[in-house]
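According to this note's numbering, the sequence shown holds residues 970 to 1081 in order. The beta carbon of each residue, even a glycine, is placed where N, CA and C say it ideally should be. This report refers to the structure that appears directly beneath it.
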Amino acid sequence: KVANKRPGCAEDAQEEINKWVIDGVKSGKNVVRLKIGDPFLFGRAAEEIIEYRKHGIEPKIYAGLSSSYSAPLAANIPLTHRGVANQVLISTGYGTNLSIVDLPTYAAERTI
């Protein structure tokens, strides 16, 4: 199954996913909740774990790899480089309820 996630509808889709997982596990099925990238970087993995534990389900988490650091790696571009960039800033594109995200001020030593 694929969740129907659209801007502004993420909460409904998340509830749908949680229901699928809980119903599947409770009916004796082996359930795989496949997420793209790192589920703990702007993902809802922590929220899902809390929800599943409420239902007596202890999920196993396998780390993913976020494109925020795998894409530069694939192109041989370092995110940090001695004397050039000593910080990395990773930000979500939008906040809760499609709000605008506050970004820190520009810093020459930071990779954005």
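From the options, residue whose alpha carbon lies closest to that of residue i
i       : options                               : result
Ala1077 : Val1000, Asn1055, Ala1043 and Ser1036 : Asn1055
Ser1039 : Arg1051, Val994 and Gly1006           : Gly1006
Val1000 : Asn987, Thr1065, Cys978 and Ser1037   : Asn987
Ala1032 : Pro1008, Gly1012 and Asn973           : Pro1008
Pro1073 : Leu1058, Gly1064, Tyr1063 and Thr1065 : Leu1058
Glu1027 : Val994, Gly1012, Pro1041 and Lys1004  : Val994
Gln983  : Ser996, Val1070 and Ala1014           : Ala1014
Three-way DSSP call (helix, strand, coil) for residue i in this model
i       : result
Thr1065 : helix
Val1000 : coil
Val914  : Within the shown structure, residues of the chain are numbered from 970 to 1081, placing residue 914 beyond reach of any answer.
Val994  : helix
Arg1013 : coil
Ile1030 : coil
Lys974  : coil
Pro1047 : coil
Ile1019 : helix
Ile986  : helix
Beta bridge counterpart(s) of residue i as assigned by DSSP
i       : result
Thr1074 : Answer by DSSP bridge pairing: none, since Thr1074 is not bridged.
Arg1079 : Gln1056
Cβ distance (whole Å) where residue i is taken to contact residue j below 8 Å
i       : j       : result
Arg1002 : Glu1017 : 7 Å
Thr1061 : Thr1080 : No, Thr1061 and Thr1080 are not in contact; Cβ-Cβ is about 17 Å, not under 8 Å.
Gly997  : Lys1004 : Incorrect: roughly 23 Å between the Cβ atoms, too far for contact.
Buried/exposed call for residue i, threshold 16 Cβ in 10 Å
i       : result
Pro1047 : exposed
Glu1020 : buried
Val990  : buried
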